[in-house]
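*Asks:* Got a structure for you, written out below as structure tokens; questions coming shortly.
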Amino acid sequence: MLFRGNRRDPGEGLGIGVSTERRGRRGPRALLAALLFLLVVGTFLPAAEHSFVNYDDTLYVTENPRVRQGVSPGGIAWAFRTFRASNWHPLTWISHMIDWELYGPNARGHHLTSILLHGGTAFLLFLIWHRMTGAFWSAAAMAALFSVHPLRVESVVWIAERKDVLSMFLAAVTLALYVRYVESPRSGRFLAVVGA
């Protein structure tokens, strides 16, 4: 397992270890991960009742003609070329386009996407930390603290801050892929890490 074990292994000098030992029953881990996801949804779901705000939501979504066109080849190309709002974040633009395609001007759906991304991040952080350390309750506490910490509120409930919740979700996915690669190095798993 990563970060655990007394025996020397190939990754020891890097601060990581590779182990083939079983992780025990997955039921409690999956249940707690699901509860963390529900904690995020339950905490932030009231934000779905709010509308867009005049501060940057207009620039990013409601008055952005490219986003309002939904997903298209031209829109995707624009997302990779533009520095609108002084940022280069094509995946953020594409996520807003997908939301517009799905929900149109209904802010509830846009908020829901951010809430689900944050819930997915909490879910993954718990699983990753538990897998790396084997410390069930400290992994649960860390993920729960991250999930509902007041510093996360702005990123989750402000639609223009999609870049933050999306980047955290993608970082967690990348870390999960890396942990999987370290535990069982294969070229396909390494390519998945690089691709993420």
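Each number in the numbering used here corresponds to the 1-based position in the sequence shown with 6 added. Note that the Cβ used here is the ideal one computed from N, Cα and C, for glycine as well. Bear in mind that the values here come from a model prediction, so they are computed numbers and not experimental data.
1. Using 10 angstroms around the beta-carbon of G81, count the other beta-carbons present and answer buried if the total reaches 16, otherwise exposed.
2. Report back the beta-carbon spacing between I121 and V46 to the nearest angstrom; my notes put them in contact at under 8 Å.
3. Report the residue ranges of all alpha helix (DSSP H) runs contained in full by the segment 62-121; include only those spanning at least 4 residues, in chain order.
4. Pairs of beta-carbons, one from the segment 68-84 and one from the segment 96-106, closer than 8 Å: are there three or more?
5. In this structure, how does DSSP classify H136 when only helix, strand and coil are distinguished?
6. Which value, in whole angstroms, describes the spacing of the CA atoms of L130 and A113?
7. If you draw a straight line from the C-alpha of L231 to the C-alpha of V159, how long is it?
8. Ends of the alpha helix (DSSP H) at F58?
*Replies:* Considering the structure as presented:
1. buried
2. 7 Å
3. 71-74, 79-87, 96-109
4. yes
5. Assignment of H136 by DSSP, reduced to helix, strand and coil, places it in the helix class.
6. 26 Å
7. Look at the range of the chain in this structure, 7 to 202, and you will see that residue 231 is not part of it.
8. Careful: F58 lies outside any alpha helix (DSSP H) and carries neither H nor E.
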